[in-house]
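Novice: Below you will find the structure I want to go over with you.
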Amino acid sequence: MIRAIVLFFFLGIHLSRGQYVISTAAGGVPPATPLAAGTASIGDPPRVAVDSAGNVYFGSIHSVFKVDGSGTLTRVAGTGRYGNSGDGGPATSAQLSFPDGIAVDAAGDIFVADRDADIIRQIAPSGTISRYAGTGTIGFSGDGGPAANALLSGPTGLTLDAAGNLYIGDTGNNRIRRISPDGTITTVAGSGGNGNGGDGGPAVNADLNGPEGVAVDAAGSIYIADTFNNVVRRVALDGTMSTFAGNGYPGYSGDNGPASIATLFLPTDVAVDSGGTVYISDLGTIRIRVVINGNISTIVGSAKGPLPFDGEPAVTARLKGPTGVAVDANGIVYFAEGSVGSGSGLDVGDFKIWKVTRDGLISTAAGNGLNSYSGDNGPAAMAQLDTPTGVAMDFAGNLYFADTANNRVRRISPDGSIVTVAGNGNSGFSGDFGPAVSASLNGPMGVTVDLLGFLYIADTGNNRVRAVDLNGMIYTIAGNGNAAFFGDGSLAQSAALRGPQGLAVDPSRNLYIADTLNHRIREITLDGILDTVAGRGQGFGGDGGPAVTALLNLPVGIALDANGNLFIADQGNNRIRMFSTTSGNITTVAGSDGSGGLGDGGAASSAQLKSPQGVAVDPAGNLYISDTGQNRVRKVATNGSIGTIGGNGRCCYSNDGIPGAVAPLSGPVGIAADPSGNVWVADSGNQAIRELRPVVSGGVESVVTNGASNVIGPVAAGEIVAIYGAGLGPTPAVAYQLGSGAQAGTQLGSVSVAFGGISAPILYASATQVTAIVPYGVSGPSAQVVGSYQSAITFSISAPVAAAAPGLFTVDNTGTGQAAATNQDGSSNSAAHPAAAGSLITLYATGEGQTSPAGSEGTPVTAPQPHPILPVTATIGGLPATVVSAVEALGNVGVMQVTVQVPGGVQPGHTVPVVVQVGGVSSPPGVTIAVAGI
């Protein structure tokens, strides 16, 4: 098994790597600071905190911001890019992933609940960031030991007590955890069970249900926003649990009476002032409530009042979604109002931090009310976007995109400047026959441009298609606003659409519409008549026959080639279909049964896609696919073969200027290709427009990735690494002969690599990839990695060095999906051959660091097999798994085999997450095994 996997790595991974270089054309950045806090688009702040000096902090846009006493906003952590990196360096250069709760101690240390990373970060007064608690692996463990080795699950609220203990709302674990000043973590409330019981008994035996906010009063009592139980709980000094506010029923009642019999609805946060007054962010009732001496009342929010305006009474203001609350030493209350999340049934928030004075007046502390919108008339690379989706390019080289959550369509000019061309930012329908920039759109998701320069917009939420003429005037050309299906054969404006998304226009100006929720493709001819040309409902079928009788499943992006073929991203069927406008027939050109996997290097029709949402065709006939569910951009050449040109299958963002296939993406959606072969992608989760540019020679930065996970990060002694770039080595490629028993040399195909001046064994060498083993002599915080080909230096880059940097091999060598694993009976683990609970399973990894006996890089392993010096642990399905053995794999170089026992309580399934830790460092998430049901 492992010999086949490593051979695949050496010989196959190069097929789709290093052909394109990635850059960011627009967006993906936080607001440029410093600036006046009230003028900034601050995104979606979930919580707010105040330090002893009155500075206000909040997390948003994958960053942490501070508002000082003068009202100036500065960024203290994060780059605006989703991720988990940067520990040990400047906090403003680190990547965060949905920072949530914040607490600031007396020394000025800032603690941040990095929610999606399942860790707590610490920002020192010097500005250096580090991991304070959690390993980055989701789960529950570690009580009684160092917090840095514990597992957390979606931490949210944070608070500190007078003694310096840090309390964590460990939401996914239904617990409140405490970290003492010596770094030891314990549970102080919650059994881990999801329920509402335990009042009157020990808090550690009580059940909680998604607890978020946590606060501690001057006496040491703990208050918990037990969100989905619709109550606030209290832990007394003796550890006893009780209900402090709320009777458990969702609603709004009980003001001016005992808090314990009042109704709350989704309390998300709690704060307490020096006098013992408790403040509750009662999200579901859209109010801030307060408990004084056991009685509850409302201090902010009214169901029927006016929208909040600065200087107005807070108690009459109509809010949209208060999610976090804090109070300073002077009794001034701050609360965060961001979006309340999908599925809540509530309105979106105002994207602000509000302040309420002691006399009850409300004012803006931060935010201009826009989630993430700025930059018009300036460089697109410095602009803020919010969920860009559809993209299109005109013949002058202007790139148009739907800035969906901003309810706008924007344009990037060839000089790199950005401007809004349609939409005033308000969600709604208005403005026909007037200036497009003054019109209201509702979540537009598709754009296209015809030969004359007319812009067409899929106004998705309005169930309409609108057009912008050369004078900038807007009007509706299809859809009457009703979400339905009718009107074929009639004027398009009187017909009904349902959630239209993709658009394409042919040279004759016939417009094609992906009528997504009707599972059809419809066409408007020049006479304004609408008809269905493909699809008759939801499903899959009809290939080889008339398109109008075929079944589609959520068609999204569409694109036309020069021959009049319409390509359809058939999202729900995980396929790209082609509708011939000449024959009227439909076929599948990419994707096959199932979802996930790759198939790079083979026929596109045999490859697997996952929820593709975008398609584009260049003038040469190459087809480009936004393989959204796999965070990749795929290219189908004119010979029908498929490869990956962007995205490594992981979320979310890495440096520009590197090979596109190594860079992570986050939900690529719309896609366009220009005549030069450059590909433009709406990287929706990164709030950015990315460009993939073909590499002819040079112009691409080399990167070092883990040979198993394909993740850019620190390197460890003995690790197999892959270096990607351009001009690195020979064509055709050459490879070390695995299984020959010979030592891998430090030169292969006239290629050599040195780490910190120490020559590395080379396993594979090509023009775009070199695979090597990190020498065991490498040490220090970083090493300069220098490569050469035919004695000429090809790259020189600095790589951080770690004691361990584990990565798990996967069967398709992408670093995500099904692990390369062997079951106890010797079969390869798969959905067809799952491992039974309690059985042994062997995983294969690299990056374990130093071994005993000491490793000799490049030498195939013989008995006795060396084992890692650092401890090796594992989790399967979030549960600790007993490690039976962890040794170097016989006959291999740089490969560790880890045999673990599948825990008895693991949830069965075909995609059960598995993580290996070496010395507390976790392998990247996204790797799975199949576990059999009972």
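In our numbering, the protein residues as written are 1119 to 2052. For every residue, glycine included, the Cβ atom is placed at its ideal position computed from N, Cα and C.
(1) I'd like to confirm the pairing. Which residues does DSSP put opposite residue 1375 in its beta bridges?
(2) If you draw a straight line from the C-alpha of residue 1386 to the C-alpha of residue 1787, how long is it?
(3) Should residue 1452 be labelled buried (16 or more other beta-carbon atoms within 10 Å of its own) or exposed?
(4) Candidates 1898, 1842, 1670 and 1988: which alpha carbon is nearest residue 1884's?
(5) Would residue 1605 pass as a contact of residue 1648 if the rule is Cβ separation under 8 Å?
(6) Does the separation of the CB atoms of residue 1363 and residue 1294 fall below 8 Å?
(7) Assign residue 1181 to one of two classes, buried (16 or more other C-beta atoms within 10 Å of its C-beta) or exposed (fewer than that).
(8) How far does the beta strand (DSSP E) with residue 1433 in it extend, from its first residue to its last?
(9) In terms of residues, what are the limits of the beta strand (DSSP E) holding residue 2028?
(10) Would you list the one or two residues that DSSP bridges to residue 1951?
(11) Leaving out five residues before and five after residue 1591 in sequence, what residues of the same chain have Cβ atoms less than 7 Å from its Cβ?
(12) Just checking, does the stretch 1724-1737 make contact with the stretch 1889-1907 on the three C-beta pairs under 8 Å criterion?
(13) Return the bridge partner residues of residue 1500 from the DSSP annotation.
(14) Please confirm if the stretch 1226-1239 is in contact with the stretch 1174-1193, defined as three or more CB-CB distances below 8 Å between the two stretches.
(15) Can you grab the Cα-Cα spacing for the pair residue 1758 / residue 1406, in whole Å?
(16) Suppose the cutoff is 8 Å on Cβ atoms and the five residues either side in sequence are ignored; what does the same chain contact list for residue 1479 look like?
(17) On the criterion of 16 or more Cβ atoms from any shown chain inside 10 Å, does residue 1427 qualify as buried, or is it exposed?
(18) Among residues of its own chain, excluding the 5 on either side of residue 1724, which ones have a beta-carbon nearer than 7 Å to its beta-carbon?
(19) Considering only the beta carbon of each residue, do residue 1789 and residue 1733 sit closer than 8 Å?
(20) In chain order, what residues of the same chain have a beta carbon less than 6 Å from the beta carbon of residue 1400, not counting five sequence neighbours either side?
(21) State the CB to CB distance for the pair residue 2033 and residue 2041, rounded to an integer number of angstroms; the pair is presumed to be in contact (CB under 8 Å).
(22) Under 7 Å Cβ to Cβ from residue 1700, same chain only, skipping five residues before and after it: list those, please.
(23) Under three-state DSSP, which class holds residue 1572?
(24) Measuring straight from C-alpha to C-alpha, what distance separates residue 1464 and residue 1947?
(25) So for residue 1211, helix, strand or coil by DSSP?
(26) With the cut-off set at 8 Å, would you say residue 1499 and residue 1508 are in Cβ contact?
(27) Determine whether the beta carbon atoms of residue 1350 and residue 1344 lie at a separation below 8 Å.
(28) In chain order, which beta strand (DSSP E) runs of at least 3 residues are fully inside the stretch 1959-1999?
(29) Mapping the DSSP letters down to three states, classify residue 1305 as helix, strand or coil.
(30) Residue 1314: which of 1646, 1360 and 1666 sits nearest, CA to CA?
(31) Quick check: what's the CA-CA separation for residue 1999 versus residue 1267?
(32) Take every Cβ of the stretch 1923-1940, pair it with every Cβ of the stretch 1761-1771, and state whether three or more of those distances are shorter than 8 Å.
(33) Distance, Cα to Cα, residue 1243 vs residue 1889?
(34) Can you give me the C-alpha to C-alpha distance between residue 1929 and residue 1938, rounded to a whole angstrom?
(35) Determine contact between the stretch 1204-1218 and the stretch 1135-1151, defined as no fewer than three beta-carbon pairs at a distance below 8 Å.
(36) Have a look at residue 1784 and residue 1771 and give me their C-alpha separation to the nearest angstrom.
Specialist: Let me lay it out:
(1) Here residue 1375 corresponds to residue number 257 of the sequence shown, with the count starting at 1. Paired residue(s): 1414.
(2) Here residue 1386 is taken as the residue at index 268 of the sequence shown, counted from 1. Here residue 1787 is taken as the residue at index 669 of the sequence shown, counted from 1. Spanning the two alpha carbons is a distance of roughly 32 Å.
(3) Position 334 of the sequence shown holds residue 1452. That one is buried.
(4) On the sequence shown, position 766 is the one that residue 1884 refers to. The shortest Cα separation from residue 1884 among 1898, 1842, 1670 and 1988 belongs to 1842.
(5) In the sequence shown, counting from the first residue as 1, residue 1605 sits at position 487. In the sequence shown, counting from the first residue as 1, residue 1648 sits at position 530. Cβ atoms of residue 1605 and residue 1648: closer than 8 Å.
(6) For the purposes of this step, residue 1363 is taken as the residue at position 245 of the sequence shown. For the purposes of this step, residue 1294 is taken as the residue at position 176 of the sequence shown. Their beta carbons are not under 8 Å apart, which means residue 1363 does not touch residue 1294 by this criterion.
(7) As a first step, residue 1181 is located in the sequence shown; it is residue number 63 there, counting from the start. Under this definition residue 1181 is a buried residue.
(8) If you number the sequence shown from 1, residue 1433 lands on position 315. First-last for residue 1433: undefined, no H or E at that position.
(9) As a position in the sequence shown, residue 2028 is number 910, starting the count at 1. 2027-2036 is the span of the beta strand (DSSP E), which, as asked, contains residue 2028.
(10) For the purposes of this step, residue 1951 is taken as the residue at position 833 of the sequence shown. DSSP, once it has assigned bridges, lists no residue as partnering residue 1951.
(11) The residue given as residue 1591 occupies position 473 in the sequence shown. 1551, 1552, 1553 and 1554.
(12) no
(13) One-based indexing of the sequence shown puts residue 1500 at position 382. DSSP output for residue 1500 lists no bridge partner at all.
(14) yes
(15) Counting from 1 along the sequence shown, the entry for residue 1758 is found at position 640. Counting from 1 along the sequence shown, the entry for residue 1406 is found at position 288. So the alpha carbons of these two residues sit roughly 59 Å apart.
(16) For the purposes of this step, residue 1479 is taken as the residue at position 361 of the sequence shown. If we look at residue 1479 and ignore the five residues flanking it on each side, its Cβ neighbours are 1429, 1430, 1431 and 1432.
(17) On the sequence shown, residue 1427 is found 309 positions in, with the first residue counted as 1. With fewer than 16 Cβ atoms within 10 Å of its Cβ, residue 1427 is classed as exposed.
(18) Counting from 1 along the sequence shown, the entry for residue 1724 is found at position 606. Same-chain partners within the cutoff: 1710 and 1717.
(19) Sequence index remark: in the sequence shown, residue 1789 carries index 671 (1-based). Sequence index remark: in the sequence shown, residue 1733 carries index 615 (1-based). Result yes, Cβ atoms of residue 1789 and residue 1733 sit closer than 8 Å.
(20) Taking the sequence shown and counting its residues from 1, one reaches residue 1400 at position 282. Correct list, in chain order: 1382, 1385 and 1407.
(21) For the purposes of this step, residue 2033 is taken as residue 915 along the sequence shown, with counting starting at 1. For the purposes of this step, residue 2041 is taken as residue 923 along the sequence shown, with counting starting at 1. Confirmed, Cβ separation roughly 5 Å.
(22) Within the sequence shown, numbered from 1, the residue matching residue 1700 stands at position 582. The answer, listed in chain order, is 1682.
(23) Counting from one through the sequence shown, the residue named residue 1572 turns up at place 454. Reduced to three states, the DSSP call for residue 1572 is coil.
(24) Against the sequence shown, residue 1464 aligns to sequence position 346. Against the sequence shown, residue 1947 aligns to sequence position 829. Because the pLDDT at residue 1464 is just 32, under 50, the model does not fix this residue reliably, and the point stays unresolved.
(25) On the sequence shown, position 93 is the one that residue 1211 refers to. Looking at residue 1211 - three-state DSSP - the assignment turns out to be helix.
(26) To locate residue 1499, count along the sequence shown from 1; it is residue 381. To locate residue 1508, count along the sequence shown from 1; it is residue 390. Against a cut-off of 8 Å, the Cβ pair of residue 1508 and residue 1499 comes out as no contact.
(27) Here residue 1350 is taken as the residue at index 232 of the sequence shown, counted from 1. Here residue 1344 is taken as the residue at index 226 of the sequence shown, counted from 1. Contact: yes.
(28) 1990-1994 and 1997-1999
(29) For the purposes of this step, residue 1305 is taken as residue 187 along the sequence shown, with counting starting at 1. Note: residue 1305 maps to strand in three-state DSSP.
(30) By one-based count along the sequence shown, residue 1314 stands at place 196. Taking only the C-alpha atoms, the option nearest residue 1314 is 1360.
(31) Translated into the one-based positions of the sequence shown, residue 1999 becomes position 881. Translated into the one-based positions of the sequence shown, residue 1267 becomes position 149. Rounded to whole angstroms, residue 1999 to residue 1267 spans 15 Å at the Cα level.
(32) yes
(33) As a working note, residue 1243 is residue 125 in the sequence shown. As a working note, residue 1889 is residue 771 in the sequence shown. Rounded to whole angstroms, residue 1243 to residue 1889 spans 41 Å at the Cα level.
(34) Translated into positions along the sequence shown, residue 1929 becomes position 811. Translated into positions along the sequence shown, residue 1938 becomes position 820. The alpha-carbon atoms of residue 1929 and residue 1938 are separated by roughly 5 Å.
(35) no
(36) What you label residue 1784 is simply residue 666 of the sequence shown in a count that begins at 1. What you label residue 1771 is simply residue 653 of the sequence shown in a count that begins at 1. About 7 Å.
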